[in-house]
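Residue numbers (the numbering used here), protein chains in the order written: chain A, 825 to 929; chain V, 927 to 1094. A short worksheet on the structure shown next.
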């Protein structure tokens, strides 16, 4: 079953680039720290998608193993990051990054 | 030919939902759109013959990480009124910066000559059998070290989330 017969790698490159730029745009645009965190996840996923695309087109399994490891690290990162955000919210009552620019309160 | 239409549909869905994550004012809506984006990306994985990664992606991202996000957002009691927004000048500057990055990356990729664009993709790379052979062969040590990473992350989260009883 040849699923990716008529889709070229350039289209995946373009899609990943657009998704990554949307992530960067979100980091620059929003002030809510949780939305910024979600934008970072979006960027991670754009890179993951490109890695799987290259791995599939080259017929190399190692790229997909690396994506597997990236997912594991992302899961740990989200857990720690959300714990830090919860602690910040408990101490300051907001997760607005403009009010967190003093590193103390 | 159906694959091409499926690719366009999934790409459109992913980009549209990613934009809605950024644009929507309500953080809960952002999380729900992000879940839709992840499902679209999982569809792309299936198109790329990476069935195992598609399953893992749905389980880890849509199942675990997004539930964590949703739980934290509901705990923090956000709503549309308390949502902070940047000034108009900052928003314009952010839009211009993001657009310039997109144009630069797209231009750089356009002039890059992709030699593998005409290569014939292998159909068997994403199966569990081949992935497992690589994962438990040459990548056995990183696999075990990642469990250590999870232990460290879990300890850190418990330590961070603990309520400080002796107020200093």
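Here a beta-carbon is modelled for each residue, glycine too, at the ideal position from N, C-alpha and C. Computed from a predicted model, the values in this text were never measured in an experiment.
- Cβ neighbours of residue 980/V within its own chain (closer than 7 Å, five residues either side excluded): 968, 971 and 972.
- Spanning the alpha carbons of residue 1065/V and residue 1012/V requires a straight line of approximately 45 Å.
- The count of Cβ pairs closer than 8 Å, one atom from the stretch 1060-1080 of chain V and one from the stretch 985-998 of chain V, stays below three, leaving the stretches out of contact.
- Of the residues assessed, residue 1062/V falls on the exposed side of the cut-off, its CB having fewer than 16 other CB atoms within 10 angstroms.
- Closest by C-alpha distance to residue 932/V, out of 947/V, 949/V, 974/V and 1089/V, is 974/V.
- For a cut-off of 8 Å, the C-beta gap from residue 986/V to residue 895/A is around 5 Å, short enough to register as a contact.
- According to the DSSP assignment, residue 945/V belongs to the alpha helix (DSSP H) that extends over 928-949.
- Following the DSSP letters along the chain, one finds residue 1054/V inside the alpha helix (DSSP H) bounded by residues 1054-1061.
- Using a Cβ-Cβ cut-off of 7 Å, residue 1009/V is close to 856 of chain A, given in chain order.
- Closest in alpha carbon position to residue 990/V, among 889/A, 847/A, 899/A and 845/A, is 899/A.
- Judged by DSSP in its simplified three-state form, residue 856/A adopts strand.
- In this structure residue 951/V is exposed. Its beta-carbon is surrounded by fewer than 16 other beta-carbon atoms within 10 angstroms.
- Between the C-alpha atoms of residue 959/V and residue 882/A there is a straight-line separation of about 32 Å.
- Using a 10 angstroms sphere on the CB of residue 992/V, the tally of other CB atoms reaches 16 or more, which defines it as buried.
- For residue 902/A, the chain V residues whose C-beta falls within less than 7 Å of its own C-beta are 991 and 994, listed in chain order.
- DSSP lists 856/A as the beta-bridge partner residues of residue 920/A.
- Taking C-beta separations shorter than 7 Å and ignoring five residues to either side along the sequence, the partners of residue 888/A in its chain run 876 and 879, following chain order.
- Contact between the stretch 937-956 of chain V and the stretch 908-920 of chain A is absent, with fewer than three C-beta pairs closer than 8 Å.
- At a cut-off of 7 Å between beta-carbon atoms, residue 1083/V makes contact with chain A.
- When DSSP states are grouped into helix, strand and coil, residue 1010/V belongs to the coil group.
- Here the alpha carbons of residue 904/A and residue 1074/V stand approximately 15 Å from one another.
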